Amino acid sequence: MALLELDQVSFNYGPITAVRDLSLDVEEGKIVALLGRNGAGKSTTLSGIAGLLKPRTGRISFEGNPLPRSQVSRVARMGVAYVPEGRGVLGGLTVEENLNAAAFGHGLDRREARIEIDRVLEHFPAISSRMNQRAGTMSGGEQQMMVLMRATLTRPRLLLVDEPGLGLAPIIVRAVYDQLIELNRDEGLSVLLVEQYVELAVETADQVYVLQKGELVHSGPCSDVEATTDLVATYVG
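What follows is the structure, given as structure tokens:
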């Protein structure tokens with residue numbers, strides 16, 4: 018049984034169908050990439066899984082149970098964390114205050130928050146020296162790492178990540194991906210990511226899905242990185 022399963026799911030914005038009849042699986046402990054051109058429906062799909070959009074048709078299941086529709090907090094409590102495009106840091110607060118706000122918001126007390134912050138810092142050692150720095154003054158790469166820390170504080174089973182490399186230099190994108198791979202390897206975190214860097218996404222993922230104008234046009238394993246990258250490029254350009 019897949020950890021996450023979308024069965025013939027469609028999402029609309031008013032009368033416009035953004036995603037049509039999408040079926041997609043994320044297996045336990047796997048990294049899955051959802052690729053496509055701008056406007057293909059990738060971010061819409063992540064938003065819908067996270068509970069921000071109500072599916073028009075179809076079924077979204079997590080561990081075999083239906084995910085609540087349009088109920089973000091309940092989806093999060095079930096073990097699904099969401100990192101939207103744009104990061105959304107609280108720029109006037111320090112890194113530690115950002116992390117504490119997330120921890121307290123999920124019901125952790127101060128002692129529990131400290132334990133979980135120390136745990137995620139092991140995966141993001143570069144942030145250790147930034148804990149008292151205002152988040153808004155950090156580089157884009159550091160902010161992205163902090164947002165990933167914030168999302169994984171509560172030990173989610175599944176992480177939804179929208180464009181983690183957006184606006185970052187290639188070397189920084191690689192560093193961010195290294196942390197995602199480490200979380201997947203060391204903590205068994207399953208990941209569904211949307212990314213513009215096709216080759217890196219294919220290199221990182223176990224499985225790839227490609228959307229074109231809201232419809233699934235390709236799905237398959239990423240065992241052959243070069244061949245898969247070339248195939249995906251025919252759709253993504």
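Residue numbering for the sequence shown is 18 to 254, as defined by my numbering.
Ideal Cβ placement from N, Cα and C applies to all residues, glycine included.
Please read all numbers here as calculations on a predicted model, not as lab measurements.
Integer Cβ distance of residue i from residue j, believed to fall under 8 Å
i: A222; j: V49; result: 6 Å
i: M162; j: V208; result: At roughly 15 Å, the Cβ-Cβ gap does not stay under 8 Å, so M162 and V208 are not in contact.
i: Y99; j: A119; result: Between A119 and Y99 the Cβ distance is about 12 Å, and since that is not below 8 Å, they are no contact.
i: F141; j: Q196; result: 6 Å
i: D179; j: S60; result: 5 Å
i: K71; j: Q224; result: At roughly 26 Å, the Cβ-Cβ gap does not stay under 8 Å, so K71 and Q224 are not in contact.
i: L52; j: V234; result: About 10 Å separates the two Cβ atoms, so there is no contact after all.
C-alpha gap between residue i and residue j, whole angstroms
i: G124; j: A250; result: 43 Å
i: E113; j: M148; result: 5 Å
i: A143; j: L177; result: 22 Å
i: G109; j: R151; result: 6 Å
i: G58; j: Q213; result: 13 Å
i: R136; j: T169; result: 10 Å
i: M95; j: S87; result: 14 Å
i: G75; j: R54; result: 23 Å
i: C239; j: V219; result: 6 Å
i: D241; j: R191; result: 20 Å
i: D203; j: R127; result: 25 Å
i: V89; j: L185; result: 28 Å
i: K230; j: V253; result: 11 Å
i: A158; j: S236; result: It is Gly, not Ala, that sits at residue 158 in the sequence shown. For G158 and S236, the distance between alpha carbons rounds to 30 Å.
i: L210; j: T62; result: 11 Å
i: D38; j: Y226; result: 14 Å
i: E139; j: L175; result: 19 Å
DSSP-derived helix/strand/coil call for residue i
i: N117; result: helix
i: S236; result: strand
i: G68; result: coil
i: T111; result: strand
i: Q150; result: coil
i: V193; result: helix
i: L200; result: helix
i: Q161; result: helix
i: L206; result: coil
i: L170; result: coil
i: S60; result: helix
i: D24; result: strand
i: A218; result: helix
i: P261; result: Given that the chain is displayed from residue 18 to residue 254, the structure contains no residue 261 and the question cannot be resolved.
Test: residue i CB closer than 8 Å to a CB of chain D
i: E102; result: The question asks about chain D, but that chain is absent: this structure has only one protein chain.
Closer than 7 Å: residue i CB and nearest the ligand GDP heavy atom
i: L41; result: Questions concerning the ligand GDP fall outside what the structure shown contains, since it holds no ligand whatsoever.
Residue i - containing beta strand (DSSP E), residue span
i: Y214; result: Careful: Y214 lies outside any beta strand (DSSP E) and carries neither H nor E.
i: G75; result: T74 to F79
i: I33; result: I33 to V43
i: I48; result: I48 to L52
Residue burial classification, residue i (beta-carbon count within 10 angstroms, cutoff 16)
i: I134; result: buried
i: M166; result: buried
i: I77; result: buried
i: E45; result: exposed
i: A35; result: buried
i: A130; result: buried
Limits of the unbroken alpha helix (DSSP H) element including residue i
i: L257; result: No statement about residue 257 is possible, as the shown extent of the chain runs from 18 to 254 and does not include it.
i: A93; result: V89 to R94
i: L248; result: V242 to V253
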